[in-house]
Structure formats: structure tokens, C-alpha cells
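Undergrad: As you go down the protein sequences, you meet chains A and B in turn. Last residue of the first sequence: number 878 in our numbering, and the count goes up by one each step with no gaps. Last residue of the second sequence: number 878 in our numbering, and the count goes up by one each step with no gaps. Attaching a single structure in C-alpha cells format; questions to follow.
2 protein chains.
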Amino acid sequence: MEKINLQEKLSLFQEHWSPKIVGELNGQHVKLAKLKGEFIWHHHELEDELFWVLKGTLKMEFRDKTVLIHENEFLIVPRGVEHRPVAEEEVSVLLFEPASTLNTGNTQNEFTKDHLDRI
Amino acid sequence: MEKINLQEKLSLFQEHWSPKIVGELNGQHVKLAKLKGEFIWHHHELEDELFWVLKGTLKMEFRDKTVLIHENEFLIVPRGVEHRPVAEEEVSVLLFEPASTLNTGNTQNEFTKDHLDRI
């Protein structure tokens, strides 16, 4: 049972679109990720997903609107809702989501990470 | 589907030891709380609980050790583990835990909140 320091964990990796597991509780994972550029359109069949911006501004595109998420703001994307994260500059985010969540949801492509490291 | 600004939500209440629900996903609640003083010893039979310090320093007492949680740090308290949060100065925290979680866990007392407001 150790506390987690977010800045320390963020300093341990540089790669984009590669979430790292930093905590687990009640079948959910707490993950950190650095994002830059455009991700792919996808949705999650069974998982709601929380995006919390720690640094930078994340643009979350939906089919009918776009939401800008700034530092110290979070957005919950409900299951089934198509979305595409876009980071014009590098963004650091924390994710809360079920341990079963695949980063690219219903799609499989070069962004898909079948295995996530714990840091 | 609206983003949540943490500072804005924190400005909406002042009371201590009274968590407010600010998000829900996958059967879990995201809550904000302001803490000051000593809480009671308790544990949660079935729920792991995440404490994330947004402002101040939270002292989490366990039967065999004490952990100081500073800003931008979090600690996961596993189910079954007795703990007592202590805030010498006011602390703002975000909690992530199952919707079923009672704030005083296995105990019932003047701190118990059977109903939590959504803000």
C-alpha cells in the first residue's frame, strides 16, 4: 500500500498513446498516458471511460460536437459513444476505466495495445 | 456529457466530511470532499477506495503506519484495511470508489452520510 506521485510516474515514460497502469481497484485501472496527435475513432462496447487532463488541453471529438478538456478538468465518455482524442500539443492524462478496457475499443490497428505496462 | 471542472465544483460547498458526487461510471462514483480534523477508524468490507489529494496534505493512519498524501498524490486503501483520515489543515480530495460505498464503512455514527448530493 504505497502512495502514487503523479509527476514522478509521468517522468518514467515518454511514448505517446501507450497507457501505463499506476493503480487498480474494484476491477478498475488507473492509468497515465501521454498523448500527441490524432487518435482513431472508436467506441467501447461495455466500458465508460474517464479522461482527466493533468497537463495541456485535450480535444475530444464526438460525431456531433467537440469538447476541450483543460487541466484539472475531466470528461466521462459513456460506453457506446464514438470518440476521437486529439492532442495538438502533448497532453498528459489520467484514465479511470475497467481493467478490461482496450485502448482502441472496437477497433484493432497500429494504435492497439494488447499489453499495458505497470509503472 | 459535460466536462467537469474540479475548482468550480469545489467552490460549490464548504462543509467537511460530506462527499459530493461529481461523476459516475461503471458502477463507480467520482466524489469530491473537503476534510478537516480527525475522522473515525473504519474499513470497507467490499470496496477499495482511492484518495487523491487536490489541495493540502492528508494524513492517512493505518494500525501499523501513517502515510502522508500530498497534492497530486493518491493512495488506494484496499477493502478490509482499517484506516482513519486526518486533516490538520483543510484538505480537498477526490475519491474514486464503488457507488455502494458508505463513507464510514463498517461503522455508523455522526459522520455517516446515507445520502450524498450530486453537484
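We treat Cβ as the ideally placed atom computed from N, Cα and C, and that holds for glycine. Treat the numbers as computed from the prediction; the structure is a model and nothing was measured.
Would you call the segment 828-845 of chain B and the segment 808-820 of chain B in contact, with 3 or more CB pairs under 8 Å?
TA: Yes, the segment 828-845 of chain B touches the segment 808-820 of chain B.
Undergrad: What are the boundary residues of the alpha helix (DSSP H) that residue 779 of chain B is part of?
TA: The sequence position of residue 779 of chain B within the second sequence is 20, counting from 1. Taken as a continuous stretch (DSSP letters only), residue 779 of chain B belongs to no alpha helix (DSSP H), being part of the beta strand (DSSP E) at 779-784.
Undergrad: So, are the CB atoms of residue 791 of chain A and residue 853 of chain A less than 8 Å apart?
TA: The count along the first sequence starts at 1 and reaches residue 791 of chain A at position 32. The count along the first sequence starts at 1 and reaches residue 853 of chain A at position 94. Their beta carbons are under 8 Å apart, which means residue 791 of chain A touches residue 853 of chain A by this criterion.
Undergrad: Flag residue 834 of chain B as yes if its beta-carbon sits less than 8 Å from any beta-carbon of chain A, otherwise no.
TA: In the second sequence, residue 834 of chain B corresponds to position 75, counting from 1. It does: the Cβ of residue 834 of chain B has a partner Cβ on chain A nearer than 8 Å.
Undergrad: Taking the continuous alpha helix (DSSP H) assigned at residue 769 of chain B, which residues delimit it?
TA: Position 10 of the second sequence, counted from the first residue, corresponds to residue 769 of chain B. Segment 765-769, the alpha helix (DSSP H) holding residue 769 of chain B.
Undergrad: What are the start and end residues of each continuous beta strand (DSSP E) run of 3 or more residues lying completely inside the segment 787-819 of chain B, in chain order?
TA: List check, beta strand (DSSP E) in window: 787-797, 808-814.
Undergrad: For the segment 819-828 of chain A against the segment 772-791 of chain A, do three or more pairs of beta-carbon atoms, one drawn from each stretch, fall closer than 8 Å, so that the two count as touching?
TA: Segments in contact, no.
Undergrad: If we call anything under 8 Å between Cβ atoms a contact, is residue 797 of chain B one with residue 845 of chain B?
TA: Numbered from its first residue, the second sequence carries residue 797 of chain B at position 38. Numbered from its first residue, the second sequence carries residue 845 of chain B at position 86. Yes.
Undergrad: So residue 838 of chain A and residue 806 of chain A are supposed to be a Cβ contact under 8 Å. How far apart are they, rounded?
TA: Reading the first sequence from its first residue, position 79 is the one you call residue 838 of chain A. Reading the first sequence from its first residue, position 47 is the one you call residue 806 of chain A. 6 Å between Cβ atoms; contact.
Undergrad: Does DSSP classify residue 857 of chain A as helix, strand or coil?
TA: Counting from 1 along the first sequence, the entry for residue 857 of chain A is found at position 98. In this structure, residue 857 of chain A counts as strand in the three-state DSSP scheme.
Undergrad: Where do the N-terminal and C-terminal ends of the beta strand (DSSP E) with residue 835 of chain B fall, by residue?
TA: If you number the second sequence from 1, residue 835 of chain B lands on position 76. Its beta strand (DSSP E) spans residues 832-836.
Undergrad: Give me whichever residues DSSP pairs with residue 877 of chain A in a beta bridge.
TA: Counting from one through the first sequence, the residue named residue 877 of chain A turns up at place 118. Looking at the DSSP assignment, residue 877 of chain A forms a beta bridge with A:780.
Undergrad: Where do the ends of the beta strand (DSSP E) carrying residue 825 of chain B lie?
TA: On the second sequence, residue 825 of chain B is found 66 positions in, with the first residue counted as 1. Start and end: 825-828.
Undergrad: Any beta carbon from chain A within less than 8 Å of residue 766 of chain B's own beta carbon?
TA: Here the question's residue 766 of chain B lines up with position 7 in the second sequence. It does: the Cβ of residue 766 of chain B has a partner Cβ on chain A nearer than 8 Å.
Undergrad: Which bits of chain A does residue 850 of chain B rub up against, with CB to CB less than 9 Å?
TA: Taking the second sequence and counting its residues from 1, one reaches residue 850 of chain B at position 91. None at all; the shortest Cβ gap to chain A is about 14 Å.
Undergrad: Does residue 852 of chain A come out as helix, strand or coil in the three-state DSSP assignment?
TA: Locating residue 852 of chain A in the first sequence gives position 93, counting from the first residue. Note: residue 852 of chain A maps to strand in three-state DSSP.
Undergrad: Quick check: is the beta carbon of residue 791 of chain B nearer than 8 Å to any beta carbon in chain A?
TA: Position 32 of the second sequence, counted from the first residue, corresponds to residue 791 of chain B. Cβ-Cβ to chain A under 8 Å: no for residue 791 of chain B.
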